[in-house]
Structures are given as C-alpha cells and as structure tokens.
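Protein chains: 2
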Amino acid sequence: MKRAVVLLSGGLDSATTLAIAKKDGYELFALSFHYGQRHQVEVTSAQRIAKSLGVNEHRVMEIDLRAIGGSALTDAIEVPKNRSENEISTEIPITYVPARNTIFLSYALAWAEVIDAQDIFIGVNALDYSGYPDCRPEFIFQFEKLAQLATKAGVEGKRYRIHAPLIDLTKAQIIAQGAKLGVQFSLTTSCYDPAADGAACGECDSCLLRAKGFREAGLPDPTRYVHRSRE
Amino acid sequence: MKRAVVLLSGGLDSATTLAIAKKDGYELFALSFHYGQRHQVEVTSAQRIAKSLGVNEHRVMEIDLRAIGGSALTDAIEVPKNRSENEISTEIPITYVPARNTIFLSYALAWAEVIDAQDIFIGVNALDYSGYPDCRPEFIFQFEKLAQLATKAGVEGKRYRIHAPLIDLTKAQIIAQGAKLGVQFSLTTSCYDPAADGAACGECDSCLLRAKGFREAGLPDPTRYVHRSRE
C-alpha cells in the first residue's frame, strides 16, 4: 500500500484533504505542528480528525515559530475582525506566517523520505486565500521540483509529488467534497481567535469564509460560535 | 546597512561563511539549530563564533529532527569511523539528515522576511560532501527560486538571494580563506561524534576531511582530538 504524508492543521481544508488521500487509497501519515499559535484547540482538532479518518500514524511536531515572529497568529497582534469580502481577498493578511508552508512542507518531505513515502498532501487553496503567497499553484510546483533535488531518495530516482487537491476549489466546493467523503466538520476548527473553550469567534477572516462556504454549499454549519455576527 | 541571515552550525565551513558575509559588509543575523544532534557542543561553538565575529543577533532554534529520524546524527546509529577517502566520497552517508538544509533554509527565509533581509548565507560545499544532495548548486538555485514564490516580500518584488560562497571550494581552500579573514578555527567543531568534553574523535568522516584540509592548506590544525589516528 502506497504511503502519503498529509499535513493536517485541524481546519476543514486539511481534513477534507486527508479524506481525499484516504479515498485515493493511501496509507495515511498525518503531520501536525504546534507552532506557538495562540491556541491548542487546533492540535486537539487535528488529533480527533486523524482518529476519525483512521490514519496509520499521526505526529505532532513542536516548532517555535514565535521565535521568528512577524504574524498575528504567533505574535500579540490583533486578529482583524468583521472585514468585508473585498478586504479579505485583496491584500496579504497580517495572519500570514512568514514562509510557513515552506517550513511545513520541508518537515513533510523529511518524514516522507524516512518512511519511504513519495506523496505529500497539503490542503492549500488559492481562491479563498489568494493573499497567501505560499498557497498558490506556482509555489507548490516549485516545491515539488525542490523535493527532487533536496533528498537522497530524489537523487536516487524517487519521484516526489506534492498534491494540493483543493487548490482551485471554492470553500463551498471543498465543503461539498468533504461532506461527500464523510468528513465530520464538527471536529474541525478554522477560527484564528477561538475562545478558551474552543468556540469560534465568528468574526475573523477564517470564520467568515467558513460560514459563507457552508451557506453556499447549502449545508448546515456545525461550528460552535461565540458570536454569530453574520447570520 | 544591508542585512544577512547566516546559517551557523558551529563548524569551520559556516564560520568561514559568516566571516565572508561580514567582509561583504552585511549586518549579521546568525541562525543556529539545536536539532537533537547528539551533542550540545556544536551549539556552544556557534555561540562563540557568533560572538567572535560580532554578529548583530544570534538565534538558536530548538527543532526536533529526532521526531523524524533517519540519520546517524539524530538516531542511535553508529557514526562510521576511519573510512577511506573513496568510501567517504562515493555514497550518501548515513550521517545525511533527511531534508535538513531545506528545513534550515526555510527557517532562514522566514526570519529574513521578518527582519527585512534579502540575503541568506549557507556554508554548503559540493566537493568534500558530494554525498549530500542538499549541498549541491542545483539545490541552492532551486531554493532561491522557491524563496521568491514562498514569501509575501518575494511576491511584492523583493529579490531573495541564497549565497553559498564555499560551494565549489575544497576544504583546504575554505580553511585558507577562513584564516585570511581571521576565523578562529579553535572555536569551531566539526566532529560527528565528539567526547563529552567536546574533544573531536579524529576518526569520523568530518574529522578526517577537516584534518586533511588543514594538512593541504599547510596550516596548523588547532583541533583538540581524543585520538589522532591519521597523524
């Protein structure tokens, strides 16, 4: 059975990506990071999702992105709330974490080499997060080329593939696909600024995009919100 | 004053690279990793070198490459000793750490973006370490292309450069250049398997290449050895 390393954040995109890798017949090795994001709730979500989809192994790496800083997700910078769709889509948000996906994919590649996997799945999405440079197809393509050159296995002829099956889907399409594959969205967490008990704020960019996705997909939103500002 | 992030391992290659970046007029930001290598001595060396060359800031990131494994430098695998030059140069050694330079450069890129540097220095060398895929020019070139696509600053037009000034030098040439720039080689550590007090084993590939380099450069070797097998 061919193996895949799947980056799993705890959000609905990566949960859907994991379900796609499962449907494609891979033995699943999920990789999450505890990177000094403000809340542990993402990692807890990732653990529940990994269990619900029957992964072979789930590793959570501790990495200290706070030591580098530069983002509202790792520093004490205010997460923007209740922005318009236009504001969300037209600039690189302060929730951007410098080089994050490069770092995550590097670890995924290292683990893939060790466990003899040649497929890596990442739930990036270029449409709803057009502001993040490392969510674009050209970035993924370039990392795949790097993977060949960066590793012993690549040099010896193994062909690494970076799969980004959500890259050109809307949030509504991702939700529809996840629902079809049996993803339990109630286990996922998207909020950038959740309450201590894990409830979503309902007002950050990520909550707004998620709620809109469920509306457009015509599916019930199982998210537990603190505020429901956009009802 | 333009800023550079310099990857600093504590070995003589990265110490020489730091001295080159200094000579080139950069404000120096040194980045080291404590990555579950067997010994703390490398990090201590990096701290001394950073101080001796007057860096602006030196960060040591804790990262857990042991959690990924697959190398004699992070796992409990025996480091090979007293191999011939032919054995050293013709295969990928078990001291290869999967995707290590990709991970290190990713962090360097993240920090460069945060501190507004666009130059990253890495002391890789393709001649003496031909076995390591991520020490080759094509890898460095590919990472430089990735850096443009991976970052907010790159997308906004900043041109990142990955400098690998030692890439086609022999160990003897590196030592000669470092000596000219005033690198205190007695502060550096190359050994893969040092004694508890930091003394070099004198028998691993890295010790053998280092000793040969000093011999060929016609310079005294200040390394403190446990054994001096190749005298």
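Chains as they are written, first to last, in the numbering used here: chain A, 23 to 253; chain B, 23 to 253.
Virtual Cβ for every residue (Gly too), placed ideally from N, Cα, C.
Predicted model only: the values in this text are computed from it and were never measured.
Quick one: list the residues of chain B neighbouring residue i, beta-carbon separation under 8 angstroms, in chain order.
i	result
residue 161 of chain A	168, 171, 172
residue 131 of chain A	120, 121, 124
Put residue i into one of helix, strand or coil per three-state DSSP.
i	result
residue 227 of chain A	helix
residue 252 of chain A	Low confidence applies to residue 252 of chain A: its pLDDT is 47, below 50, so where it sits in the model is not reliable, and the reading given next is rough at best. Residue 252 of chain A falls in the coil class under three-state DSSP.
residue 205 of chain A	coil
residue 183 of chain B	strand
residue 24 of chain A	coil
residue 29 of chain B	strand
residue 169 of chain A	helix
residue 217 of chain B	coil
residue 222 of chain A	strand
residue 237 of chain A	helix
Can you give the beta carbon distance from residue i to residue j, rounded, assuming they're within the 8 angstroms contact cut?
i	j	result
residue 124 of chain B	residue 172 of chain A	5 angstroms
residue 163 of chain A	residue 34 of chain A	Not really, about 24 angstroms apart at Cβ, beyond 8 angstroms.
residue 187 of chain A	residue 42 of chain A	5 angstroms
residue 224 of chain A	residue 205 of chain A	That belief does not hold up - the Cβ atoms of residue 224 of chain A and residue 205 of chain A are roughly 21 angstroms apart, past 8 angstroms.
residue 142 of chain B	residue 134 of chain B	6 angstroms
residue 216 of chain A	residue 63 of chain A	5 angstroms
residue 189 of chain A	residue 235 of chain A	Not a contact, Cβ separation roughly 16 angstroms.
residue 119 of chain A	residue 95 of chain A	5 angstroms
residue 81 of chain A	residue 140 of chain A	With a Cβ gap of about 18 angstroms, residue 81 of chain A and residue 140 of chain A do not count as contacting.
residue 136 of chain A	residue 91 of chain B	6 angstroms
residue 102 of chain A	residue 226 of chain A	7 angstroms
Do residue i and residue j have their CB atoms nearer than 9 angstroms?
i	j	result
residue 199 of chain A	residue 181 of chain A	no
residue 121 of chain B	residue 129 of chain A	yes
residue 218 of chain B	residue 246 of chain B	no
residue 51 of chain A	residue 79 of chain A	yes
residue 238 of chain A	residue 210 of chain A	no
residue 68 of chain A	residue 36 of chain A	yes
residue 87 of chain A	residue 53 of chain A	no
residue 47 of chain B	residue 24 of chain B	yes
residue 168 of chain A	residue 165 of chain B	yes
residue 66 of chain A	residue 214 of chain A	no
residue 45 of chain B	residue 76 of chain B	no
residue 155 of chain A	residue 177 of chain B	yes
residue 38 of chain A	residue 231 of chain A	no
List, in chain order, every chain A residue whose beta-carbon is nearer than 7 angstroms to that of residue i.
i	result
residue 63 of chain B	Those do not exist, as residue 63 of chain B stays about 22 angstroms from chain A at its closest Cβ, beyond 7 angstroms.
residue 176 of chain B	155
residue 164 of chain B	167, 168, 171
I want to verify the contact list: residues of chain B whose CB lies under 7 angstroms from the CB of residue i, in sequence order.
i	result
residue 91 of chain A	136
residue 128 of chain A	121, 124, 125, 128
Does the Cβ of residue i lie closer than 8 angstroms to at least one heavy atom of the ligand GDP?
i	result
residue 45 of chain A	Summarising the ligand content, the structure contains no ligands, and the ligand GDP is consequently not present.
Taking C-beta pairs closer than 8 angstroms, name the residues in chain A that residue i reaches, listed in chain order.
i	result
residue 29 of chain B	Ordered by position in chain A, no residue passes the 8 angstroms Cβ test against residue 29 of chain B, which lies about 14 angstroms from the chain.
Along chain A, in chain order, which residues have C-beta atoms closer than 9 angstroms to that of residue i?
i	result
residue 83 of chain B	85, 86, 89, 90
Which chain B residues are close to residue i, counting only those with a beta carbon under 9 angstroms from its beta carbon?
i	result
residue 102 of chain A	In chain order: nothing, as chain B lies at least about 16 angstroms away.
Quick one: complete alpha helix (DSSP H) runs, 4+ long, within the region 40-86 of chain A? 63-74
Any chance you could list the beta strand (DSSP E) runs of at least 3 consecutive residues sitting entirely within the region 118-151 of chain A, in chain order? 141-143
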